Amino acid sequence: MPQEVEFNIVTQDMQSFLIEIRISDDSNSSRSRRRLSVPFYPDTLRDSLQQWQQDFQLIVNNGRRTQAAENNQNIIENEDDDDDLPFDDSDNNSSYNNCWESYENLTTELNNWLNSGEDWQKVRNWLTQDLKKSEAEIQVTIQTDDLLLKQLPWQAWDLLSQHYPQAEIAIGPPEYEPPEKWGKIRQHPQVRILVILGSDENISLDEDSKLLDRVREHGATLKSLEQPTLDELKNVLAEPKGWNIIFYAGHSETNDEGKGVLHLNERESITIDDIKEQLEVAIQNGLYLAIFNSCDGLGIAAQLAELRLPQSIVMKEEIDNQMAIDFLKYFLDSFSRNKSLFVSVGNARQHLQKTYDKPEKFPGGHWLPVIVPNPAVPLATWKEFLSESELSLIWRILLIIGGIVGVLGLPLSLLYEFGWDKAIFYAKLYPHIILYPLFMFWAALWLVYKGFTQIINRSARGLQLGILAMLAISVVLLVIEMSGSNMFLLELNKTAQASIDLSTFNKNTIADIQKIPKDILDTQKIFQKDHIVISKAVLEESLSNYIAIKKDDQIPEEQAKGFHQLMEIGLDYLTTWKEQKNWSSLSRVLYGYTFWAITFTGLSFFVLWVQNQDFRKFYNQSRYFEYLVFAQVMVVFWIPFRLYYVVKTKNILFGYTGLQWMKPLEPFVYLVISILFVFTLCQTIRQQHKYRMLIITITIVSIGVSLWIGYGLTDILDRTFFLNTPNIGTWILVPILTGLAIYLFFNYQDK
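Just so we're aligned, residue 1001 is where the sequence shown starts under the numbering used here, counting upward by one.
Spelled out as structure tokens, the structure:
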């Protein structure tokens, strides 16, 4: 919990300030409030501040003139008149030395004042007594109307810099209240940012624009206005949908009246008063944060505070362009990682200090960015601007239809084409493609969809390319599956028939088929001169008779061999059916679709796991992780169904034993599942500290149980669900248990 410190400083007279100090933590479990008078700041402090300001602005201006000269292609390098040069090297070096000296002097004068006398010592004692060095975040707000106090580099106070480096200083007005009609932070599917790029004379705004573009990757939608007119700016500010953040880059200043001036373009300069009504509308519509990555911004911040804007970030003085860019870079990187506003500004300030707080750079420049908060409004993080969003209605309808077809399409087509008894028989024979979708695949589809909707920027190029790649791979695998051997009986329509020249086969194969006993098949029906005629009816008659006889183990191996070769020929796409006409069933199409849906879903995990590397991509990364893990568990439980088909069905149809079932796609399937298993464990160990053991246990147990059931309990599966089950009522139980398990887990997590 961050600690909050408020210094409310009011001028009593020209001799002293009245300070009220309030210290609390976020839970309000520890609060203190004290008040006392402290001496007025000495003239030497005011003079040292003004001297540093002058020296700092000199080196900033020199740097800009140098940059402008380097970018000017018309400059005459050998000009004799020295007056045409902006400055010489000796003047430049002298300016940096002077700035470093005034920077050190200002730091000394500030600490002399803050450490002087008994009153300031009491303040130090109160702070050291109540502040926690172990606290990760300390938010200090200086509330005052005194301009010099606002301009002072409070970060240089040795009490804070040495003992509480995690403290971040903000400047605010002594009085505040929430905006009118303010309820809660306005949420959108993506953080709405309005980017205003104003006058860019002698400064470069390209980097600001590029940095903001990167934020799109973390769930932001940006609208840019480049050197807009006043009317254009007014219209966009007042858009009913509202903005979460407004960003301004360009020239600005505080005029003699203490008001902020924005230079929109080369012709128009405006004050906050010119857009006051539109800003009030924007605040009512949810505007939370304004960032002015520009010149002197204290006047702008004061006016925005009068409008009760929740938060703003401004520069106290004119700042070097590269420093402003670096500040924005590090601030956005931290803030988009869901760090608080104070921590994000503090992180950016530390980077500026490491880079620029040197005699030859911009000493003291890291003091200039400052938060101007409204304490009446709670601090927000990046994720609090976001509301989880579903896909568009059209996409949801398409996915629902696609999911229903993938789960119910094949069973319904079997009922339509072949009737109830045949549909049940096929379901028992091919459970991995008919029953599995009904049992568990529906849950995997739902979980993958829910995980996908946790991704903020679903149109990210990397994500879309990954999905397209997995789509292409799944289509290739579908083509391989549908054009190989070991077809399913359900792929043939009722009247399917093929006549094949006997010369296609070797004599041993023909001889084996002719040895099939008549109680399985009268082979005279299929041999016609120099052809063998294979039909769907022949294959199913043979299979039914074979299964009935096999129960009593009355089939010699030699006769069974002929049956298996007949089935292998009859279910070989390339040899038997490729050149035939009018043989394919509607169920073959829906089987192909179901196979593709399962394959594509499994492959999509690779793309979805890659997204998990950066938590900024999600509304809720933990929930995203849970959805993926449980979706993967549902996919893993496809293994027992597949193993049953491999061990039982293929043995019945083709007589496969040992590793004969290892067709081209089989090793690929288990390789993919193994890689996903390892990848899931690695991701869990790296990121999910809270639920690490639970998720690892669930994953390992799921893999182990699925393999154990598939290999070790094949006969139990056979009697409970598949070919030898006396009651298909057990089929209803599995999807109910699947849904109940998912409901109980996620309901427990929510609690």
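Don't be surprised by glycine CBs; every beta carbon is placed ideally from N, CA and C. Every value quoted in this text rests on a predicted model; they were computed, and no experiment measured them.
Query                                                                                                                                                             : Result
Who are the Cβ neighbours of Ala1238 in its own chain at under 7 Å, not counting the five residues just before and after it?                                      : Gln1278, Val1281 and Ala1282
Using beta-carbon positions only, say whether Asp1326 and Leu1352 come within less than 8 Å of one another.                                                       : yes
Between the Cα of Val1345 and the Cα atoms of Val1314, Asp1274, Leu1127 and Gln1322, which residue gives the shortest distance?                                   : Val1314
Can you tell me where the beta strand (DSSP E) holding Gln1311 begins and where it ends?                                                                          : Gln1311 to Met1315
Give me the DSSP bridge partner(s) of Leu1762.                                                                                                                    : Since the first and last residues shown for the chain are 1001 and 1751, residue 1762 lies out of range.
Ends of the beta strand (DSSP E) at Gln1753?                                                                                                                      : There is simply no residue 1753 to check, as the chain begins at 1001 and stops at 1751 in what is shown.
Would you kindly work out how many angstroms separate the C-alpha atoms of Trp1154 and Gly1219, rounded to a whole number?                                        : 34 Å
Between Gly1242 and Asn1293, is the Cβ-Cβ spacing less than 8 Å?                                                                                                  : no
Using only alpha-carbon positions, find the residue among Glu1177, Leu1676, Gly1365 and Phe1247 that is nearest to Gly1198.                                       : Phe1247
Please determine, among Asn1493, Trp1382 and Val1533, the residue with the shortest C-alpha to C-alpha distance to Ser1585.                                       : Asn1493
How would you call Trp1638, buried or exposed, if buried means at least 16 neighbouring beta carbons within 10 angstroms?                                         : buried
Measure the alpha-carbon distance for Asp1081 versus Asn1338 and round it to whole angstroms.                                                                     : Because Asp1081 carries a pLDDT of 47, less than 50, the predicted location of this residue cannot be relied on, and the following value inherits that uncertainty. Those two C-alpha atoms are separated by around 55 Å.
Can you tell me the Cβ-Cβ gap for Leu1447 and Phe1745, rounded? I've got them flagged as a contact below 8 Å.                                                     : Actually they do not touch by this definition, with Cβ atoms about 11 Å apart.
Compute the distance between the beta-carbons of Val1236 and Leu1304, then report whether it is under 8 Å.                                                        : no
With the cut-off set at 8 Å, would you say Gln1187 and Thr1221 are in Cβ contact?                                                                                 : no
Just how far apart, CA to CA, sit Trp1395 and Ile1732?                                                                                                            : 30 Å
Considering only DSSP beta bridges, list what Arg1033 is partnered with.                                                                                          : Arg1022
By Cβ distance, which residues of its chain are closer than 7 Å to Tyr1356, with the 5 residues on each side in sequence left out?                                : Met1323, Phe1362, Gly1365 and His1366
Using the rule of at least 16 other Cβ atoms within 10 Å of the residue's Cβ for burial, across every protein chain shown, is Ile1736 buried or exposed?          : exposed
Take the Cβ of Ser1095 as the centre, count every other Cβ of all protein chains shown within 10 Å, and call the residue buried at 16 or more, exposed below.     : buried
Quick one: grab the DSSP three-state call for Ile1742.                                                                                                            : helix
Could you compute how far the alpha carbon of Ile1138 sits from the alpha carbon of Gln1129?                                                                      : 14 Å
Return yes when the Cβ of Tyr1176 is within less than 8 Å of the Cβ of Lys1450, no when it is not.                                                                : no
Can you tell me whether Lys1494 is helix, strand or coil according to DSSP?                                                                                       : coil
I need the DSSP call for Tyr1645, collapsed to helix, strand or coil.                                                                                             : helix
I think Asp1512 touches Asp1530, with their Cβ atoms under 8 Å apart; what is that distance to the nearest whole Å?                                               : About 18 Å separates the two Cβ atoms, so there is no contact after all.
Can Leu1399 and Ile1319 be called in contact, C-beta distance under 8 Å?                                                                                          : no
Hey, out of Pro1178, Val1636 and Asp1274, whose CA is closest to Thr1601's CA?                                                                                    : Val1636
Quick one: residues in its chain with C-beta nearer than 7 Å to the C-beta of Phe1595, no 5 flanking neighbours on either side, listed in chain order?            : Ile1433, Leu1478 and Glu1481
Since Gly1655 contacts Tyr1573 with CB under 8 Å, what's their CB separation in whole angstroms?                                                                  : About 19 Å; that fails the 8 Å criterion.
At which residues does the alpha helix (DSSP H) containing Val1281 begin and terminate?                                                                           : Lys1276 to Gln1284
Is it a yes or a no for the segment 1105 to 1125 touching the segment 1141 to 1150, going by three-plus beta-carbon pairs under 8 Å?                              : no
Just how far apart, CA to CA, sit Pro1373 and Leu1341?                                                                                                            : 10 Å
Is Ala1167 helix, strand or coil by DSSP?                                                                                                                         : strand
Looking only at its chain, what residues have a beta carbon closer than 6 Å to the beta carbon of Tyr1604, apart from the 5 residues adjacent to it on each side? : Just to set this straight, residue 1604 is Ser in the shown sequence, not Tyr. These residues qualify, in order along the chain: Met1470.
Going by Cα to Cα distance, which pick from Ile1009, Arg1034 and Asn1097 is closest to Gln1051?                                                                   : Asn1097
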